[in-house]
Structure formats: C-alpha cells, structure tokens
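These notes concern the structure reproduced below.
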Amino acid sequence: MDAQLMQQLVNAISLGSLYALLAIGYTMVYGILRLINFAHGDVFMLGSYFAFYAMTAFLLPWYISFPLAIALTVIFGMLIERGAYRPLRNSPRISIMISAIGVSFLMENLAILVFGGVPKPFPTIPIFSNIMDIGLVRVPTLSVLIPVTTLVVLFALWYILGKTKTGMAMRAVSRDYEAARLMGIDVNTIITITFGIGSALAAIGGILWAMKYTQLQPLMGLMPGLKCFIAAVIGGIGDVRGAVIGGFILGFGEIMIVALWPDLSGYRDAFAFLLLIVILLIKPSGIMGKSITEKV
Amino acid sequence: MKKLSLFLALTLVVSVLATGCGGGGGDDAQESTVIKIGVLAPLTGGDAAGGILEKEGIDLANELYPQVLGKDIKLVYADNKSEKVEAATAARNLVDKEKVAAVLGSWGSGYSIAAGPVFKEAQVPAIGTSCTNPLVTLDNDYYFRACFTDTFQGVVMANYAFNEAKVKKVAIIQEVSNDYSVALAQIFTTKFIALTGDEKAIVANASYNSGDQDFTAQLTSIKNSGAEAIFAPGTFGTSGLLMKQARELGITLPFLGADTWETPVMIEMGGSGVEGCVFSTFFDAATPLTETTTIFLDAYKEKYGEDAEPAAVTALAFDAYLLARDAIERAGTTDGPAIRDAIAATKDFPGAAGIINLDENGDAIKPAIIKTIQDGKFVYKTTVNPK
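Line order of the protein sequences matches chains A and B. The numbering of the first sequence is our numbering, which starts it at 338 and goes up by one. The numbering of the second sequence is our numbering, which starts it at 9 and goes up by one.
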C-alpha cells in the first residue's frame, strides 16, 4: 500500500507540475493585460507540433529542435497579439475575449488542415525516457524533469517581473496602461513581450506534454487549456504562485480521486469543473487572489 | 477611394457567389445520372486513423466497381470528427442535404449509435463497417453491419483468457464514455465470471474518459490488485498510450483487447509497450477467405505497394460498399425501403473479409480471428468460429 501511495504521489507531482506550467502562462497574460487568452491551449499545441516537425521532418536533434520550436511559437504568439488583440486594445474587454476565442477556433481548424486530423506519435528521446527504480516506486526521468522545469520557469519569471526594467514596466502596465504610457513606457512593446513570454511557456509545456503523452493532435490543447485555466482561477488568476498552487491541487485531486475511489475514475474531468464551481462560490478571487473592487 | 475599393470587393464577392451557385445548379441537373452513397467516418480527431483506414477500403471498392444500375456511384464523405454529437449532425447532412441512397460506416460504435435514429427516421439504409456494439442494429431496421458484434467478440476474448491464457483473475480498464468499450467490458465480465465460477474473478475495475492521456493513477491501483491479465477494450491511440504507461510503471501483465487495436497507429503510439498484447479481429490477409479477398488484396497491393498489409477494417469497409452496391442493384431502385429489404435478404455474399450472412438483427455472422503483436507486427494466432 505504501509503495502504491508513493507511486501515486509521483504520478500526481508529475501531472500537477505540468498543469502548473501551463497555468502560469494563462495567469501571466491575465495578470498584465486582464485578458483571458483562450488561445493559450492552441499555442501549446502549436509548440509541440513545431518540435515534432523539427525532429521528424528536419531530423534535428532535440537540443536544437526544442529551442527552435519555442522561438517559432514565441513569434507566432506575438503575431497573434499583433493581428487579433492589438486592434482591439481600446475596445471593451469582452471584444478581446471573443477575439481570443475566435483565434482559438481558427488555430484548431488550421491545424487540422495543415497537420492533418490523424494523431501523430511524438518521437522518443532516449535520455528523457529512462526510468529509475527507487524501492518499489518507478520514477520516469520526465517526472523529475517536469517539476524542475516548472520551478526554473517560476524562478525566471520572478526574476524578470521583479528585478528587470522590462518586468517593472510590465507591472506598471498591469496597474494602468494609460498612466504607464504617460510615464514613457512603450506599452505596445511591453504587451508584445508579455505575449512572447506567455507563448514560450505554452511551448515548453507543449513539448513536455508531448514527451510525456507522445500523442499529438490538433485538438490536444483543448482539454489541458481548459483545465489549466481552471487551475489558474483556483490559485487566483493573475498570481503566478497561485497558478502553481492551483496546478498542483488539480493534479493531486485528479490522481487521488482515481487512487482512492477507482469506481469514480471516469469522473476525473468532472472533478476539475466541480472544483472550479466550488472555488467560485467560496472564494471567487482564488486562493492567492486579492479581492479588488472594480472601478466603474 | 475607400468606397471604390469596398464596391470592388463587394462585386467580387457577389460574382464569386454567383458562379458558386451556378456550379451548384449544374450539379442538380446531373443528379439523375449519379447515385450517391454516403460515408460516415471519423476523418479528423482522435479516431481519424480508423476512419481513414476505412476510407481506403471504400475508395478502393469504388475504383473497382464505380457503377450501379448503369449510373456512376458518387461517394459523399461526412466527417463525424470523432464526436458523437457531430455524428448525428453529419448523418442529418447526408440524409437531408445530400439525399444519399445508402450510408456506409461509421468506424466507432458510438458514432453509429448516435447517427442510427436519423437513418431510421429518414428510411435510408446504413451498413456499419466495423462498429461492433450490439445497440447499433438493435431496434433499428435500417442499420446493418458487415462485422460481428461485441456479444460474440467479448465472449471470444473471455474464452481466450480462460482457456488459452489460463488466467483466473482479470483487471478491467474501460473507456467509460465509449459505448464500444463499455459493452465489451460488460460482456467479457459476465462470461469470464461464468467460466471461472468465481464471483470475484474481476479483481479491479477502473475507467477513464475519452480524450484522457494520463492513466498512471488507474494503472497504479491495478498493479497490486492480484490480476493476472488486463482486459482493456478501447480505441487504438488511447490503448497504445495506456500500455506504454503500464510498462513504464513496471506492470508486465498481458493485455487483452478487441478489434480496434488492429491499427498500425497503435504500434506507433505504444512502441514496445504493445508487444504481446492479444486481441480479436475480423480478418487476416494471409488466409484468403473468398474470391473477393483475392480481388481485394491484389487491388490493394497495386494501389499501396507490394508490402502493404490491409487492416481488417479496410477489408470490412470494402465489403460494406459491395454489399450496398449489390443491394441497390437487386432492388433496382434508390428507394430506401426497397434497398433495405434487399440488404436484409443478403445470403452467402462473398466479401473480402469472409462470407456474409445477416441474422435477424442485421448483424453479420462471422468467425473471429485472434492476433497478437510481435516485433512491431500483427501476428495471426488462431480463428474462432461462431456456434
């Protein structure tokens, strides 16, 4: 039983940190722009496809493919911002959100057209597919790599937002971008950078996801996207630490529900949505969120 | 200037629309010279690989036998996008808009079950290709199928587990939102308990949802359940992933499954994880069953290369097309009820995947083939005949 519980913990950490990584991307864009980027899950899908094609079509080794895929995804993310969000900068927030949903549909269907609807197997990379035996617990390399990546990303973000000039500008834009502009901050550049970072996070998440679940398909971003949005809301959307906490709560919850009540394992997805409802009822601003009264 | 360009753009749009309509009108005029056969299949989404294998078979049959009643057969594909709701919409589209004479498909019982009432109501006969769930044809006079049902398949696998694999305790993992998987799990459970005479022969019962990609929790709980084999009926992509994760968790138990596993994608997805799994399927290319099998194999190899091995569902889809064409020929009309009666009267029809005789529900009575995966290839094990 103990070995089994330990194994479930390993499973949960690996799933939870993957959710956390994606939730950070959601929450960061929201924190700075007050925009729920519904296309985040699709940018995630794009990142994994870029890595896939770099490795299978261009036969590049993983250490070139992954940075390349991340770079391409960043460019794509910035283009989306340019094309779909910037023209609506001064429109009501709801218009941008609808535009985001539109972008999401567009990307999904374009992906079906371009990449094909048939799932593709992500190539196995030997050094990432090792499995360690610790006592009776099996720990795949990825189960260690994913939480470590999440921590590194968290630290990097903390550094960028807290210690750099760009980060300071980002925080200023998140407070009030009209005032930030008056202070001489190039708001457009800052927002583009924000989307760039958000897309890089999505791409990293997408590549890790593809290595873990080895199956790519154009709609693969849909469910993870929704769940990580939930994770971000649970943690308090806009708060990076909250996103990590939310991701872990979701990952642990999903694994433990199956571990403790195997009969309920089919209701795993329902758990995520139920949790969202409960949080919205009890603490709408999320675990780490501060309740802010909206100025009208 | 701006107004001018807007005007130009509008004119362009209108003219495109007009020519578009013109083309459509032309089609209507040709209506009487073609007979439309609809194909309902998952061409995108998680099950697309299955749908595309069936499309291969239908296209091949259409190339070999392009005519019926002296008219060309026009295939109309309707993609159900691997979603049940979409399946009903796609079926409605085939029936109302395309006015097809008959429908083939779908890969995946859930999609066929969702589409069934539409065909029944519109009195358009449908021939299932590889959808094995009993509910597809039950209480539906207009649904037939070219394959056997899960009632037979589930029993075959339970017998195999008990008699050949000689296991006494089995764990089950099912895809709880997939009619196909649930029915197989249920039939297997009933039969296996009857065979072992042990109420507790199924030691663990876990489930997952369509689209799930993480099965580590379910597998971990099965690992120490005392099971000697795992029955995991599910679709190829998910099952490949499931077995891979099982091996990563150190689970070495044999996996048992059913027909959908015979899809090359499963080997691609599962890699070494799927080695040694055993499943029942419809057809084995190495043992030709009828003259049609030879015709099918020759045409297949000519089109896809000498080394290409057709999947069982490709052969079944080929058969479904032939069955529909033969019925339309015998009915002498494209009238739905007349074609329906002609299909129901099918006797000893030589299909590529064996002789087809339909029972009172419209299900084909056929032997099951048991196969395994060895060195990344599907390998024939044995044949089980229906009683």
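All residues carry an ideal CB built from backbone N, CA and C; glycine is no exception.
The alpha helix (DSSP H) enclosing residue i, as first and last residue numbers
{"i": "B/Gly113", "result": "It is not in any alpha helix (DSSP H) - B/Gly113 instead sits in the beta strand (DSSP E) that spans Ala110 to Gly113."}
{"i": "A/Ser402", "result": "Trp399 to Ile417"}
{"i": "B/Pro125", "result": "Ser117 to Ala130"}
{"i": "B/Arg64", "result": "A quick correction: the sequence has Glu, not Arg, at residue 64 of chain B. Counting along the chain, the alpha helix (DSSP H) containing B/Glu64 begins and ends at Ala56 to Leu72."}
{"i": "A/Ile592", "result": "Val577 to Leu597"}
{"i": "A/Thr364", "result": "Asp339 to Leu370"}
{"i": "A/Val570", "result": "Leu559 to Gly572"}
{"i": "B/Pro272", "result": "Pro272 to Gly278"}
{"i": "A/Val455", "result": "Here A/Val455 belongs to no alpha helix (DSSP H), and DSSP marks it neither H nor E."}
{"i": "A/Leu482", "result": "Thr478 to Lys500"}
{"i": "A/Gly384", "result": "His377 to Thr393"}
{"i": "B/Ser229", "result": "Thr224 to Lys231"}
Residue i at chain A interface by Cβ criterion, 9 Å
{"i": "B/Lys231", "result": "yes"}
{"i": "B/Thr390", "result": "no"}
{"i": "B/Val184", "result": "yes"}
{"i": "B/Ser215", "result": "yes"}
{"i": "B/Cys29", "result": "For B/Cys29, the predicted model reports a pLDDT of 43, less than 50, meaning its position is unreliable; a value from the coordinates is still stated below. Chain A contact via Cβ: absent."}
{"i": "B/Gly384", "result": "no"}
{"i": "B/Gln194", "result": "no"}
{"i": "B/Gln38", "result": "Any reading at B/Gln38 needs caution, since the residue's pLDDT is 48, under 50, leaving its predicted position unreliable; the model's value is listed next. It does not: the Cβ of B/Gln38 has no partner Cβ on chain A nearer than 9 Å."}
{"i": "B/Ala212", "result": "yes"}
{"i": "B/Ala225", "result": "yes"}
{"i": "B/Leu112", "result": "no"}
{"i": "B/Val21", "result": "At B/Val21, the pLDDT of 49 sits below 50, so the modelled position is not reliable; the number obtained from the coordinates is stated separately. By this cut-off, B/Val21 is not an interface position."}
{"i": "B/Glu368", "result": "no"}
{"i": "B/Glu256", "result": "yes"}
{"i": "B/Gly219", "result": "yes"}
{"i": "B/Leu68", "result": "no"}
{"i": "B/Gly245", "result": "yes"}
{"i": "B/Thr228", "result": "yes"}
{"i": "B/Asp419", "result": "Absent from the structure is residue 419 of chain B, since the part of chain B shown begins at 9 and ends at 395."}
From the options, residue whose alpha carbon lies closest to that of residue i
{"i": "B/Thr159", "options": "B/Asp220, B/Lys107 and B/Pro142", "result": "B/Pro142"}
{"i": "A/Gly575", "options": "A/Gly535, A/Leu352, A/Lys500 and A/Ala607", "result": "A/Gly535"}
{"i": "A/Ile527", "options": "A/Ile350, A/Ile361, A/Thr364 and A/Ile369", "result": "A/Ile369"}
{"i": "B/Ser189", "options": "B/Tyr119, B/Glu94 and B/Gln75", "result": "B/Tyr119"}
{"i": "B/Ala209", "options": "B/Ala254, B/Thr228 and B/Gly234", "result": "B/Gly234"}
{"i": "B/Ile259", "options": "B/Leu203, B/Gly265, B/Leu250 and B/Ala328", "result": "B/Leu250"}
{"i": "B/Asp67", "options": "B/Ser247, B/Leu330 and B/Asp371", "result": "B/Leu330"}
{"i": "B/Arg6", "options": "B/Phe357, B/Lys89, B/Glu283 and B/Ala320", "result": "Residue 6 of chain B lies beyond the stretch modelled for chain B, which goes from 9 to 395, so this question has no answer here."}
{"i": "B/Glu290", "options": "B/Val282, B/Asp327 and B/Gly278", "result": "According to the sequence shown, residue 290 of chain B is Phe rather than Glu. Ranking the options by Cα distance to B/Phe290, first place goes to B/Asp327."}
{"i": "B/Glu283", "options": "B/Ile347, B/Pro50, B/Asn217 and B/Gly384", "result": "B/Gly384"}
{"i": "A/Leu601", "options": "B/Leu192, B/Ser229 and B/Val126", "result": "B/Ser229"}
{"i": "A/Leu491", "options": "A/Gly623, A/Ala340, A/Thr364 and A/Gln341", "result": "A/Thr364"}
{"i": "B/Val273", "options": "A/Gln554, A/Gly588 and A/Gly579", "result": "A/Gln554"}
{"i": "B/Ile303", "options": "B/Leu72, B/Ile43 and B/Lys63", "result": "B/Leu72"}
{"i": "B/Gly54", "options": "B/Thr298, B/Phe200 and B/Gly248", "result": "B/Gly248"}
{"i": "B/Met165", "options": "B/Glu183, B/Val178 and B/Cys155", "result": "B/Val178"}
{"i": "A/Gln344", "options": "A/Met392, A/Ile431, A/Gly472 and A/Val581", "result": "A/Gly472"}
Residue-chain proximity (residue i, chain B), Cβ-Cβ < 9 Å
{"i": "A/Ala349", "result": "yes"}
{"i": "A/Gly558", "result": "no"}
{"i": "A/Ala312", "result": "Because residue 312 of chain A is not part of the residues shown, which for chain A are 338 to 633, the question remains open."}
{"i": "A/Gln345", "result": "yes"}
{"i": "A/Thr393", "result": "no"}
{"i": "A/Ile483", "result": "no"}
{"i": "A/Gly583", "result": "no"}
{"i": "A/Asp606", "result": "yes"}
{"i": "A/Ala340", "result": "yes"}
Closer than 8 Å: residue i CB and nearest the ligand COA heavy atom
{"i": "A/Tyr363", "result": "Within the structure as shown, the ligand COA is missing, as the structure has no ligands at all."}
Residue interval of the beta strand (DSSP E) (run including residue i)
{"i": "B/Ser215", "result": "Ile210 to Tyr216"}
{"i": "B/Lys389", "result": "Lys385 to Val392"}
{"i": "B/Tyr151", "result": "Tyr151 to Arg153"}
{"i": "A/Arg332", "result": "The shown model of chain A, from 338 to 633, leaves out residue 332 of chain A, and the question about it has no answer."}
{"i": "B/Gly359", "result": "Phe357 to Gly359"}
{"i": "B/Lys44", "result": "Val42 to Ala49"}
Report task. Using a Cβ-Cβ cut-off of less than 8 Å, give me the residues of the stretch 261–289 of chain B that come near chain A, in sequence order. Result -> Going along the stretch 261–289 of chain B in chain order, one finds Val273, Glu276, Met277 and Gly279 with a Cβ nearer than 8 Å to chain A.
Query raised in the report: Listed from N- to C-terminal order along the chain, which residues in the stretch 445–469 of chain A have their beta-carbon within a distance smaller than 9 Å of any beta-carbon of chain B?
Result: Listed in sequence order: Ile449, Gly453, Gly454, Val455, Pro456, Lys457, Pro458, Thr461, Ser466 and Ile468.
Report task. Quick one: which residues of the stretch 48–65 of chain B get their C-beta closer than 7 Å to a C-beta of chain A? List them in chain order. Result -> Leu51, Thr52, Gly53, Gly54, Ala56, Ala57 and Ile60
Query raised in the report: Can you find at least 3 beta carbon pairs, one from the stretch 494–501 of chain A and one from the stretch 453–467 of chain A, that sit closer than 8 Å?
Result: no
**Report entry** Given 8 Å, three or more beta-carbon pairs between the stretch 377–387 of chain A and the stretch 568–584 of chain A
**Finding:** no
Requested in this report: Note down, in chain order, all residues in the stretch 86–115 of chain B with a beta-carbon under 7 Å from any beta-carbon belonging to chain A.
Outcome: none
**Report entry** the stretch 550–567 of chain A contacting the stretch 609–621 of chain A, beta-carbon criterion three pairs below 8 Å
**Finding:** yes
Requested in this report: Could you please tell me which residues of the stretch 290–314 of chain B, in chain order, have their CB closer than 8 Å to any CB of chain D?
Outcome: Protein chains in the displayed structure are A and B, and chain D is not among them.
Requested in this report: Please name the residues in the stretch 407–439 of chain A whose beta-carbon is closer than 7 Å to at least one beta-carbon of chain B, in chain order.
Outcome: none
Query raised in the report: At a Cβ cut of 9 Å, what residues of the stretch 530–556 of chain A count as close to chain B, listed as they run along the chain?
Result: Trp546, Lys549, Tyr550, Thr551, Gln552, Gln554, Pro555 and Leu556
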